[in-house]
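Protein chains in written order, with UniProt numbering: chain A, 1 to 141; chain B, 1 to 407.
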Ligand SMILES: Cc1ncc(COP(=O)(O)O)c(C=O)c1O
């Protein structure tokens, strides 16, 4: 599936839920199901410090695809982190660099990716793109 | 007890009746900023619509009217805090600027290498960082009064820290995280015994407790308009005349001078010496109106009402399983900090917001205190004169729902 298709799928999953409680329940569930973060990568370098919550992001290259592993101390943030990984993990640098993330707006969780929400998510997305750029440069050399 | 006019009070704050996320707003973030009553907005509107003109400048009628209103506000502040004279009331942008003024100006005049300043481990960043900057500039040393497990100050250690090198003590009156009311009278007396002046950060106290700076005998007292049902962008530094007179000005410009030539500039008298440039006179008039508003209800009656609400909230929140309070000292009021076992404050705050309940989550600009308790942050419900027990019930119901979501 393409980045767009996965986002469409996520939007579908959430569109059935009209009540905010159900939406957040699902998000919490998704957060709880996130693959566990390998402790050796819980380093200062991989830490993205928001004012309200922390995010850890680790990236590496595997067969020309970028792999991500992430975590957060807040479960709602972790839910969104989990969705971002579902969308952007195992992609080529170009796919990530050319992607447009629209799902968050469409499932009505826009406020969590606004720059004024200091939960680390905006920086995480930025960081994921930075990794894509760095790996792209590395692969071209 | 006189009946507290809660319905009438709530009508003075139109924002309280707006819905948030489809639910009636429950505003429990008064520690960050309080809401503004119509009376204050009207007073400021009146300045813009009827008398607006720069102060202390013109001979024309509007300038005189506006100057009078501005100086009248200063008198109201002086009276409200019990200052000996309005010369001791300096308008600043807020608590932060007031403390920075003292750090700069008192620091410049009186402090040098090897001098010590005592602050506490429960200070807001605004009462830490200005002193750290002074540490860099002047080489002073910062000494920190530790905080006990219950959120009170370790007074024994305070007495140990006081020594001949101490040149200033700067502590908060009421902790913005723990709600602790500090024994400022005792601190001031002990410091004065060895001729050390004391600055009190009153940002969280002035709206809840009766403050009389002469009775307290503090040397400086700082607070903000926006936590006092007044406008943003304005605050007060009270300073004893004897200190202010000796202190060097900190910002230069118009208004603060008597005469300027390239050879010699002489400074204006108090309080203008510390008010360079055109002040926010509209907000200053607003703060006067906010004090009028509080006086119209009576701070003693407000205090009593809030104390009862506080106790009710504490009792109700205690019934929630997994509840952990931060701040259980004997003397406390106005705000409650807590965590619920297994729930991150960000998650709780986000979900409460969906229910129209505004609380603050995070470190509350007091990271050293978070480190002291070894937590990333807390959930803080802070109350104001317009909050009700019904709203406390809504918070308790909200938290119960949050717990359900976490199953
Ligand atoms: C105890 C304390 N000191 C200082 C401040 C800073 O106030 P302001 O931002 O209005 O300057 C605050 C505000 O949160 C506070 O609670």
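Glycine residues also receive a C-beta, built at the ideal position from the N, C-alpha and C atoms.
Computed from a prediction, not measured in an experiment: that's the story for all the values here.
- Contact fails between the stretch 107 to 124 of chain B and the stretch 74 to 93 of chain B, because fewer than three Cβ pairs, one in each stretch, are under 8 Å apart.
- The stretch 369 to 378 of chain B and the stretch 6 to 16 of chain B do not touch, with fewer than three beta-carbon pairs separated by less than 8 Å.
- When DSSP states are grouped into helix, strand and coil, residue 339 (chain B) belongs to the strand group.
- If the five residues before and after residue 405 (chain B) are omitted, its C-beta is found closer than 8 Å to the C-beta atoms of 351, all from its own chain and listed in chain order.
- Of all residues in the stretch 351 to 383 of chain B, only 351, 354, 361, 362, 363, 376 and 377 place a beta-carbon less than 8 Å from a beta-carbon of chain A.
- Judged by DSSP in its simplified three-state form, residue 38 (chain A) adopts coil rather than helix or strand.
- The residue among B:383, B:280, B:221 and B:166 with its C-alpha nearest the C-alpha of residue 196 (chain B) is B:166.
- Taking C-beta separations shorter than 6 Å and ignoring five residues to either side along the sequence, the partners of residue 141 (chain B) in its chain run 116, following chain order.
- If you ignore the 5 residues before and after residue 100 (chain B), its C-beta comes within less than 6 Å of the C-beta of 130, all in its own chain and listed in chain order.
- Taken atom to atom, the span from the alpha-carbon of residue 277 (chain B) to that of residue 11 (chain A) is near 55 Å.
- Look at the stretch 50 to 77 of chain A: the residues with a C-beta under 8 Å from a C-beta of chain B are 51, 52, 53, 54, 73, 74, 75, 76 and 77.
- For residue 345 (chain B), the nearest CB of chain A lies under 9 Å from its own CB, placing it at the interface with that chain.
- Nearest CB-CB separation between residue 21 (chain B) and chain A: below the 9 Å threshold.
- Runs of alpha helix (DSSP H) with 4 or more residues, each lying fully within the stretch 214 to 253 of chain B, are found at 241 to 246, listed in chain order.
- Among the CB atoms of chain B, one or more fall inside 9 Å of the CB of residue 28 (chain A).
- Not a single CB atom of chain B sits nearer than 9 Å to the CB of residue 124 (chain A).
- A Cβ-Cβ contact shorter than 9 Å links residue 65 (chain A) with residue 90 (chain A).
- In this chain, residue 16 (chain A) is not harboured by any beta strand (DSSP E), its DSSP state being neither H nor E.
- Contact fails between the stretch 326 to 336 of chain B and the stretch 120 to 140 of chain A, because fewer than three Cβ pairs, one in each stretch, are under 8 Å apart.
- DSSP, read as helix, strand or coil, puts residue 180 (chain B) in strand.
- When the beta-carbon positions are compared, residue 337 (chain B) and residue 207 (chain B) stay at least 9 Å from each other.
- Taking C-beta atoms under 8 Å as the contact rule, residue 107 (chain B) and residue 83 (chain B) fail to qualify, at a distance of about 23 Å.
- Under the Cβ distance rule, residue 131 (chain A) does not count among the residues neighbouring chain B, no pair being separated by less than 9 Å.
- The beta-carbon distance between residue 347 (chain B) and residue 76 (chain A), rounded to whole angstroms, is 5 Å. This is short enough to meet the 8 Å contact definition.
- Annotated as distal: residue 240 (chain B) and residue 212 (chain B), with beta-carbon spacing of 9 Å or more.
- DSSP, reduced to helix, strand and coil, places residue 111 (chain B) outside both helices and strands of the structure shown, so it counts as coil.
- Secondary structure at residue 1 (chain A): coil, using DSSP grouped into helix, strand and coil.
- Here the stretch 36 to 51 of chain B lies against the stretch 281 to 292 of chain B, with 3 or more beta-carbon pairs under 8 Å apart.
- Our two residues, residue 248 (chain B) and residue 97 (chain B), have alpha carbons roughly 16 Å apart in a direct line.
- Of the heavy atoms belonging to ligand 1, none sits nearer than 8 Å to the Cβ of residue 51 (chain A).
- At a cut-off of 9 Å, the C-beta of residue 36 (chain A) has no neighbouring C-beta in chain B.
- When Cβ-Cβ separations below 9 Å define contact, residue 112 (chain A) makes contact with chain B.
- Each residue's CA atom was taken as its position, placing residue 95 (chain A) and residue 233 (chain B) some 47 Å apart.
- One finds 405 in chain B with Cβ atoms closer than 8 Å to the Cβ of residue 25 (chain A), taken in chain order.
- Remark: three or more beta-carbon pairs, one from each stretch, lie closer than 8 Å, so the stretch 148 to 156 of chain B and the stretch 172 to 185 of chain B are flagged as touching.
- DSSP, reduced to helix, strand and coil, places residue 137 (chain A) within a helical segment of the structure shown.
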